[in-house]
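Let me begin by presenting the structure, written as structure tokens, before commenting on it.
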Amino acid sequence: MLGYHEIDFDSITEIIEEASDVAARNIPTLNDPTNIDFDIIVKINYLNPDSIRRIDLDVYITELRDNRRETIPSERDDICPICWEEFGTELDINSLSCNHTYHHHCISNWVEKTLTCPYCRALLA
Numbered sequence: 006m007l008g009y010h011e012i013d014f015d016s017i018t019e020i021i022e023e024a025s026d027v028a029a030r031n032i033p034t035l036n037d038p039t040n041i042d043f044d045i046i047v048k049i050n051y052l053n054p055d056s057i058r059r060i061d062l063d064v065y066i067t068e069l070r071d072n073r074r075e076t077i078p079s080e081r082d083d084i085c086p087i088c089w090e091e092f093g094t095e096l097d098i099n100s101l102s103c104n105h106t107y108h109h110h111c112i113s114n115w116v117e118k119t120l121t122c123p124y125c126r127a128l129l130a
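Mapping of the sequence shown onto the working numbering: residues 6 to 130, in sequence order.
Structure follows, in structure tokens:
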């Protein structure tokens, strides 16, 4: 095993960049989450077990973006549990599968850190 001072960091950086380029060329875009090649996902997961969480996250963020809606009159006085501001006449909110509602920008930022509902901690994906 190499000691810390024996590692050639330039070579390692080059290997990481090449691997990133190969992955970027071979991973499908997630504009259509139903069009993901399962074989590629299995290969990615084999190389990086945490990758499935990242794919789940990307798919869920796409779903949030596609499922934005405007507030209904009964929600206008409700408060977003993340930013503590009223929904008002906001045209850009999301309701999760657990029926909790948030401003779109608030919940989008939240799910990038954790795939659970901020209020009840239900798993989102």
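C-beta atoms are modelled at their ideal positions from N, C-alpha and C, and glycine is treated no differently.
Nearest residue (CA-CA) to residue i, options the options
| i | options | result |
| --- | --- | --- |
| Pro78 | Glu91, Ile87 and Ala127 | Glu91 |
| His108 | Arg126, Ile87 and Cys125 | Ile87 |
| Asp83 | Arg126, Ser100 and Arg73 | Ser100 |
| Trp89 | Glu19, Arg73 and Cys111 | Cys111 |
| Glu80 | Ile66, Glu23, Asn72 and Ile98 | Ile98 |
| Cys85 | Val116, Pro123 and Asp71 | Pro123 |
Rounded C-alpha distance that separates residue i from residue j
| i | j | result |
| --- | --- | --- |
| Asp15 | Val64 | 34 Å |
| Lys118 | Asp13 | 33 Å |
| Cys103 | Leu129 | 8 Å |
| Arg73 | Ser113 | 11 Å |
| Val27 | Thr94 | 46 Å |
| His105 | Cys125 | 8 Å |
Where residue i falls: helix, strand or coil (DSSP)
| i | result |
| --- | --- |
| Ser56 | Low confidence applies to Ser56: its pLDDT is 49, below 50, so where it sits in the model is not reliable, and the reading given next is rough at best. Three-state DSSP puts Ser56 in a helix. |
| Leu62 | helix |
| Val116 | helix |
| Ile87 | coil |
| Ile98 | strand |
| Thr76 | coil |
| His110 | helix |
| Leu69 | helix |
Spatial neighbours of residue i in its chain, beta-carbon cut-off 6 Å, leaving aside the 5 residues before and after
| i | result |
| --- | --- |
| Glu75 | Leu96 |
is_contact[residue i, chain D] using C-beta, thresh 7 Å
| i | result |
| --- | --- |
| Glu68 | Absent from the structure: chain D. Only one protein chain is present. |
Neighbourhood of residue i by C-beta distance below 8 Å, restricted to the same chain and skipping five residues each side
| i | result |
| --- | --- |
| Val116 | Leu62, Tyr65, Ile66, Leu69 and Leu129 |
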